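Read through the structure below, which is laid out as structure tokens, and then see the notes.
Number of protein chains: 2
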Amino acid sequence: MSRSARLLDLIQLLRRHRRPVSGRTLAGEMGISIRTLYRDIATLQGQGAPIEGEAGLGYVLRPGFMLPPLMFTDEEIEAIVLGSRWVAKQPDSRLSAAATDALAKIAAVLPDDLREELDASTLLVGPAAGAVEGIDLSLVRQAIRNERKLGFLYRDAGGAASERMVWPFALGFFDKVRVVVAWCEARQDFRHFRADRISGLNATDVRYPRRRQALLREWRTTLDTPRSPPGG
Amino acid sequence: MSRSARLLDLIQLLRRHRRPVSGRTLAGEMGISIRTLYRDIATLQGQGAPIEGEAGLGYVLRPGFMLPPLMFTDEEIEAIVLGSRWVAKQPDSRLSAAATDALAKIAAVLPDDLREELDASTLLVGPAAGAVEGIDLSLVRQAIRNERKLGFLYRDAGGAASERMVWPFALGFFDKVRVVVAWCEARQDFRHFRADRISGLNATDVRYPRRRQALLREWRTTLDTPRSPPGG
DNA sequence: AGTCCCACTGTCAGATTCTGGCAGCAGCCG
DNA sequence: CGGCTGCTGCCAGAATCTGACAGTGGGACT
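Chains as they are written, first to last, in this note's numbering: chain W, 6 to 237; chain B, 6 to 237.
This is the structure:
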């Protein structure tokens, strides 16, 4: 096995462990010596991998995605840049910053001429139109990722307000509004909540009893009836 | 210099040449032997780089972007996925396909669990609203990339139609419309053309006499007056 | 046809790099 | 303190890479 392949294997191995793992264990599972493992870890860290080692504990990989060398066509990179620019204009400030960071990371590793081409890319995105939410959408995304219950006050189309406790599992981006898709505990059914009508967001630590992907799948089947599907 | 670094250098070296280059020349510029160059080329091809060699001619790199190993945070990859999904819903069919392809390429190199997470990603994009153009936007993007003149029939807001020959250098994506930004030969000034009002597109082979990036820069300065800037 | 240039492959000795084991230092914990 | 761990320097053997040579086959030009 070549060294570069082994480095990718090591990343994946680290990903599988959530608790800190000792270098000795990792070396054992990889079939290499501890000394080599330390060298590999150092190499990966040098490539930007967020691996943290602490004496007496072991190694942890902060969550993230490691992409191996990848080749994109002109149009594919145009699509990625345009898409990231669109995200960067969205009102969700953390996601917007993440899109900007991702573009900066890509630009950082490009040779000068390509970076210039990327910076001066000719696909532009207009300013995000539509309502601005009063809530922090990053809290909603976090609740979705961690499968936590979410409480809030909802003002429906008629103007009536109600307290809700929901299991959020998706976030829809439409032209003008963001929509939280969730299982509503009170109604015992799937519900869509326009983000601009949500207030008093309460991101709880309570895990909801279903898997996010299962909820998503189930919700999709309910869309086969001719309601307009937000798609994915 | 490590081998992996040399491989990236080789890619960049190939990028700088537009005409086919002989292996002997490349080896000379890299400071390595021809034999090693052949081995490096083979390695790069194995990693997916579109390098083509033909006996009697030399090597050519089909245009594209080679990204070295890269680390993204959860939120950054969420942003890229969401953005690409948005692009995939745009009416420009080629760009849309490119976005889908880019996501597929990323998914292909991910370990199973991450790929599943990406597929079942919970940020959804609503259907693209707004007018559908009758023209092929990929022709416009191609004209922009290659700095070619573009002819078409334009029907302005008042309904009056006119023949135009323009130097396109940017494409703006707004909520409902796509806008071609170009230098208009008839008006001798920058003009914006809504794509849904363009018909009879004529993508010429005539290169226009200015650099696209210079036009873009110049156009941006005209936006410092308080017109609303489409931004970038 | 003949010639030149070129991509591409096999082989092999020498240069280079990688690897594993050892020793040693420092930080954390019970 | 002792046990566990991360981390570094060192060095000999293993593995890999490199350069040189020889040879094959394809395309282009004369």
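Just so it is clear, CB atoms sit at the ideal spot from N, CA and C, and this is done for glycine as well.
Here the structure is a predicted model, which is why all the values come from computation and not from measurement.
7 Å CB neighbourhood of residue i in its chain, flanking five on each side removed
i: residue 12/B; result: 45, 48, 49
i: residue 234/B; result: With a pLDDT of only 44 at residue 234/B, under 50, the local geometry of the prediction cannot be trusted, and the value read off the model is given with reservation. If we look at residue 234/B and ignore the five residues flanking it on each side, its Cβ neighbours are 228.
i: residue 211/B; result: 153, 154
i: residue 148/B; result: 155, 173, 208
i: residue 69/B; result: 55
i: residue 105/B; result: 93
i: residue 90/W; result: 130
i: residue 120/W; result: 112
i: residue 199/B; result: 182, 184
i: residue 232/W; result: Note that residue 232/W scores 46 on pLDDT, short of 50, meaning its location in the model is unreliable; the coordinates nonetheless yield the value given after this. So the list is empty, once near-sequence residues are dropped.
Beta-carbon proximity of residue i to residue j, cut-off 8 Å
i: residue 201/B; j: residue 131/W; result: no
i: residue 239/B; j: residue 103/W; result: Given a span of 6 to 237 for chain B in the structure shown, any question on residue 239/B remains unanswerable.
i: residue 75/B; j: residue 114/W; result: yes
i: residue 55/W; j: residue 40/W; result: no
i: residue 164/W; j: residue 129/B; result: no
i: residue 72/W; j: residue 25/W; result: no
i: residue 220/W; j: residue 188/W; result: yes
i: residue 190/B; j: residue 126/B; result: no
i: residue 64/W; j: residue 19/W; result: yes
i: residue 9/B; j: residue 9/W; result: yes
i: residue 43/W; j: residue 53/W; result: no
i: residue 159/B; j: residue 169/B; result: yes
Residue interval of the beta strand (DSSP E) (run including residue i)
i: residue 71/W; result: 70-72
i: residue 65/W; result: 63-66
i: residue 128/W; result: 128-130
i: residue 76/W; result: 75-77
Cβ neighbours of residue i in the same chain (closer than 8 Å, five flanking residues each side left out)
i: residue 206/B; result: 140, 141, 144, 145, 155, 156, 157
i: residue 38/B; result: 32
i: residue 123/W; result: 82, 86, 108, 111, 112, 115
i: residue 133/W; result: 94, 95, 96
i: residue 77/B; result: 85
i: residue 118/W; result: none
Bridge-paired residues (DSSP) for residue i
i: residue 57/W; result: 65/W
Residue i: first and last residue of the uninterrupted alpha helix (DSSP H) it sits in
i: residue 108/B; result: 98-114
i: residue 117/B; result: 117-124
Chain-order list of residues whose beta-carbon lies under 6 Å from that of residue i (same chain, five-residue window excluded)
i: residue 197/W; result: 184, 186
i: residue 217/B; result: 152, 174
i: residue 101/B; result: 93, 95
i: residue 87/W; result: 128
i: residue 137/W; result: 96
i: residue 224/W; result: 195
i: residue 14/B; result: none
i: residue 58/B; result: 64
i: residue 167/B; result: 159
i: residue 215/W; result: none
i: residue 98/B; result: none
beta-carbon residue i near the ligand NAD non-hydrogen atom, thresh 7 Å
i: residue 111/B; result: The ligand NAD is not among the ligands present in this structure, which contains no ligands whatsoever.
Checklist entry - Which ranges would you report for the beta strand (DSSP E) in the segment 147-231 of chain B if only whole runs of at least 3 residues count? => result Annotation note: the segment 147-231 of chain B contains the following uninterrupted beta strand (DSSP E) runs of length 3 or greater, listed N- to C-terminal: 153-160, 166-178, 183-189, 194-199, 203-212.
Next on the checklist: Going residue by residue through the segment 13-45 of chain W, where are the continuous alpha helix (DSSP H) segments of at least 4 residues, counting only ones entirely within it?
Outcome noted: Runs found: 28-35.
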